[in-house]
Structure formats: structure tokens, C-alpha cells
Amino acid sequence: MLLTVRTLPQLAVSAKLLCLLMVVICGAVPSMVRSVRLYNDCSLSYMGIDIKGRVLAVEDESLNKFQNLTIRSRDYNVSLTIYAEASGRYLCFNKKWKPVGLKKFNRSMCTFYEEMLPSGYTRFRSSATDSQPHYVGFNKRGKPLRGNASRNDTRDQGCFNFVKNDTNFNINNHNKIVRGGNPSADAGPAAHPQPQAGAGGRRRGGRRRPATPRQGRVRHRKNRERPS
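The numbering of the sequence shown is UniProt numbering, which starts it at 1 and goes up by one.
Next comes the structure, spelled out in C-alpha cells:
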């Protein structure tokens with residue numbers, strides 16, 4: 001078979017079908033596991049599931065370890081689970097369609113479909129219902145939204161959009177690579193030196209007030225001619 005521009009797509013499809021057929025014959029579909037951090041486009045923070053089962057997307061150093069999530073695809077299905085190793089909880093929906101973290105896995109309420117948008121964002125839709133889609137989302141304060149809010153509130157659809165980053169992702173290293181590995185290009189503006197307490201420095205409420213430099217007064221004296 002000659003390879004041309006027209007036959008290449010057909011060959012790729014045939015290869016995929018052959019791979020799927022081989023997997024089905026073997027009788028097992030290996031699950032795919034990914035360690036990610038999910039950045040919400042509305043709260044501008046990473047989603048986390050803490051030890052109490054709260055699902056939040058806020059900037060908090062104490063929640064940093066709970067923001068490392070594991071996405072695992074399920075066998076013979078395109079659905080997936082989202083699990084927080086630090087808290088030992090699954091991302092699920094409760095009966096009111098609010099995101100919660102549960103230790104006990106529930107097949108219907110703790111599995112999701114991953115949807116890729118043309119803009120490059122990712123959404124996670126509950127696999128429990130198909131007629132009424134329910135998505136994981138957060139408001140601008142990082143509080144979880146009800147899953148059906150996407151159908152009723154169209155003011156900011158970005159609240160249901162996520163960006164997937166690797167757990168080892170570092171924005172500084174990324175920018176350094178993009179800029180050709182030039183450390184000087186990656187360096188930001190020079191940090192301003194902290195003011196030292198000196199003359200004129202005062203403390204109010206535990207905060208150091210910047211010391212203002214003392215302005216020296218220069219006295220101009222007129223030259224007086226002495227009488228001869």
C-alpha cells in the first residue's frame with residue numbers, strides 16, 4: 001500500500017482499531033494513572049480535598065499537599081476518578097450536587113467524564129446523569145458550586161474550566177525553558193531592599209515603618225564685607 005496524503009489518515013485509523021481489537025482479545029484494559037494539579041480558571045487557585053472532606057480552590061499553604069490529585073481511568077469505561085492521596089478521599093457529588101470529598105468510593109457519584117474544550121481547558125462532568133450534566137466548579141472565592149449551576153448561570157462559564165498541571169510543574173522552570181534557558185531572561189525585577197530601623201524608624205502594631213532620611217538643612221551665609 002502506497003503512503004500518500006490521503007491514505008495516511010486511513011492507515012492511522014486502521015492501526016488504532018487493530019490496537020483496540022488486540023486489547024479486547026486479551027481481556028484487560030489497563031487503567032491510566034496521572035498525578036496532576038487542577039487549576040481553576042475562576043478562583044485562580046488549585047483544587048484541593050482536605051482531611052475533613054472539604055473541596056476548595058483557594059490560596060492556602062496548609063492546603064498545598066491536598067492539591068496533589070491522582071486521576072485514574074476505569075476499566076472498560078471512559079470515566080475516571082479523582083483522588084487526593086494526602087487526605088485519602090475521592091472527589092464526589094453529594095445528593096445536592098455539591099462537590100465533596102468521601103473516603104468510601106461511590107461508583108455513580110464519584111466518577112467523572114473528562115471533556116476537552118476547543119480553548120484548551122478541561123471540564124469534569126459527573127457520570128451519574130447524561131440528560132442533565134453536572135460539572136465540578138468553583139466561584140471566585142474558591143467555594144464549590146452546585147453541579148447544575150452551569151445550566152442556570154451563564155455569567156462566568158470559566159468557573160467550570162480547569163488547567164491540568166503536573167505535580168512537579170514549576171512556572172519558573174517552564175518560563176526558563178520557553179525563553180531558551182537564559183537565566184537573565186527568567187529573572188524578574190530586582191527586589192526592593194527591606195527598610196532598616198534607624199533614626200525615625202517606628203513600630204506600630206508589629207509592623208516596621210520605613211525610616212525616612214533626615215533632610216539636612218544647609219544654611220547659606222552671606223559674605224559680609226568688613227569695614228576697612
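Even for Gly, the Cβ is constructed at its ideal location relative to N, Cα and C.
Neighbourhood of residue i by C-beta distance below 7 Å, restricted to the same chain and skipping five residues each side
i	result
Ser79	Thr111, Phe112, Tyr113 and Ser127
Glu85	Asn68 and Thr70
Asn165	Val36, Arg37 and Tyr39
Lys140	Cys42 and Ser43
Tyr135	Arg123, Phe124, Arg125, Gly147, Ser150 and Phe160
Glu59	Ser45
residue 233	This structure cannot speak to residue 233, because the chain is shown only from 1 to 228.
Asp130	none
Lys103	Gly88 and Arg89
Asp156	Cys42
Lys96	Arg146
Gly158	Asp41 and Cys42
Exposure label - residue i; buried when at least 16 CB within 10 Å
i	result
Asn106	exposed
Arg179	exposed
His192	Low local confidence applies: a pLDDT of 41 at His192 is under 50, so the model's placement there is unreliable, with the coordinate-based value given in what follows. Answer is exposed; the Cβ neighbour count stays below 16.
Asp50	buried
Met116	exposed
Gly142	buried
Val33	exposed
Ser14	exposed
Leu18	exposed
Thr167	exposed
Gly88	exposed
Pro144	buried
Residues that residue i bridges to, as DSSP identifies them
i	result
Asp166	Val36
Arg56	The question names Arg, yet the displayed sequence has Leu at residue 56. Gly48, per the DSSP bridge assignment.
Contacting residues, own chain, Cβ-Cβ under 6 Å from residue i (five flanking each side not counted)
i	result
Asn161	Asp41 and Tyr121
Tyr46	Arg37, Tyr39 and Gln67
Tyr83	Thr70 and Tyr90
Gln196	The pLDDT assigned to Gln196 is 44, lower than 50, so where the model puts this residue is not dependable; a value taken from the coordinates is nonetheless given after this. So the list is empty, once near-sequence residues are dropped.
Val163	Tyr39
Ser101	According to the sequence shown, residue 101 is Gly rather than Ser. Answer for Gly101: Ile49, Gly53, Val55 and Arg89, listed in chain order.
Pro133	Arg125
Ser108	Ala128
Neighbourhood of residue i by C-beta, 8 Å cutoff - its chain only, sequence neighbours within 5 removed
i	result
Leu63	Gly48, Asp50 and Leu56
Phe119	Residue 119 is actually Ser in this sequence, not Phe. Answer for Ser119: Asn161, listed in chain order.
Lys65	Ala86
**OP:** Please specify which runs of the beta strand (DSSP E), each continuous and at least 3 residues long, are wholly inside the segment 63-149, giving them in chain order.
**Re:** 69-73, 80-84, 89-93, 99-102, 112-116 and 122-126
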